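Have a look at the structure below, then the notes.
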């Protein structure tokens, strides 16, 4: 763990211990309980239904976004906001979880401003899945990553023909989304790279969900295969049984929504892929829950 951040996080519980009250374990468990309650309160009910999933034409040149196909979904819940770095750090403190990416701490040292508590969590698919499963165990609920179909259904406001998951379906950097937004107070990197913004900075889509285009690219539950849309079942598609192999030998997982380093035109609701153990600074998550 980053030494400065660890000392900063332990300071409140060390002060509590110094005056004779229960120490760090009690402090973090209390903080975690509050955080889980807040995360669950941010779950938005989504009425299921039927929609045409995929690229209807003109949105992307990617062959893995076609053919358009009929999908029927049951009711479910999905988080209003992306999970923040602060909440992910608290999860790690409470559980002792270690990120799947061996270079996680190095990345935090190289660009600490990207790991600000208010910003979207930097996670691999493995990390995101672990966080959502932990939420489920803490609450006794079926919390998990959303399926790819659930993600697209909600990003497109129950399947409307929206290219971008924004307030009005349009992409205007710095107005409707965080994509190539620079020189904000969150852009303090000496590399002058684009930076994400705190979840909820920009207006939500018509379902009340924030940052599903731009900001952090979001992991979903599904494995990735290029041709899955050609044989996807219509009812609650769970994704393929396995995925195409990546450069590290792991099966790719699906990413959705583009990210803050993309040009605006690349932040549509179409799909991407990523190595499941790699925690790139552009990748994050939100959880879903069974109805």
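In the numbering used here, the protein residues as written are 5 to 295. Beta carbons are placed, not taken as given, at the ideal position from N, Cα and C, and that holds for glycine. Keep in mind the model is a prediction, meaning the values are calculated, not measured.
Just to check, is the beta-carbon of residue i closer than 8 Å to a non-hydrogen atom of the ligand MG?
i           : result
residue 110 : This structure lacks the ligand MG; in fact it carries no ligand of any kind.
Which residues in the same chain as residue i place their Cβ atom closer than 8 Å to its Cβ, once the five residues preceding and following it in sequence are excluded?
i           : result
residue 262 : 183, 217, 218, 221, 270, 271, 272, 276
residue 181 : 168, 170, 175, 206, 215, 217, 218, 219, 268, 271
residue 32  : 17, 94, 97, 98
Would you check if the distance between the CB atom of residue i and the CB atom of residue j is smaller than 9 Å?
i           : j           : result
residue 124 : residue 247 : no
residue 82  : residue 156 : no
residue 135 : residue 98  : no
residue 174 : residue 209 : no
residue 75  : residue 238 : yes
residue 160 : residue 169 : yes
residue 66  : residue 229 : no
In whole angstroms, give me the CA-to-CA distance for residue i and residue j.
i           : j           : result
residue 167 : residue 101 : 37 Å
residue 39  : residue 151 : 24 Å
residue 89  : residue 69  : 30 Å
residue 201 : residue 233 : 32 Å
residue 4   : residue 258 : Residue 4 lies beyond the range of the chain shown here (5 to 295); nothing can be said about it.
residue 107 : residue 206 : 31 Å
residue 42  : residue 176 : 30 Å
residue 103 : residue 91  : 14 Å
residue 95  : residue 36  : 7 Å
residue 44  : residue 34  : 16 Å
residue 278 : residue 235 : 21 Å
residue 260 : residue 291 : 13 Å
residue 142 : residue 93  : 16 Å
residue 165 : residue 231 : 22 Å
residue 252 : residue 245 : 19 Å
residue 117 : residue 140 : 30 Å
With a threshold of 6 Å on Cβ separation, who are the neighbours of residue i within its own chain once the five nearest residues in sequence on each side are excluded?
i           : result
residue 126 : 283, 285
residue 85  : 46, 203, 204, 214
residue 119 : 89, 112
residue 121 : 89, 90
residue 191 : Per-residue confidence for residue 191 stands at a pLDDT of 47, beneath the threshold of 50, marking its modelled position as unreliable; no derived number is given.
Am I right that residue i and residue j are in contact with their C-beta atoms under 8 Å? What's the rounded C-beta distance?
i           : j           : result
residue 280 : residue 129 : 4 Å
residue 225 : residue 243 : 6 Å
residue 211 : residue 72  : 21 Å between Cβ atoms; not a contact.
residue 50  : residue 80  : 6 Å
Which residues in the same chain as residue i place their Cβ atom closer than 7 Å to its Cβ, once the five residues preceding and following it in sequence are excluded?
i           : result
residue 77  : 52, 53, 153, 154, 157, 240
residue 105 : 128, 281, 282, 283
residue 132 : 149, 223, 289
residue 60  : 72, 165
Can at least three beta-carbon pairs, one atom from the segment 135-152 and one from the segment 285-295, be found at a separation below 8 Å? yes
Given 8 Å as the limit, is there contact between the segment 106-114 and the segment 41-61, that is, 3 or more CB pairs closer than that? The segment 106-114 vs the segment 41-61: no contact.
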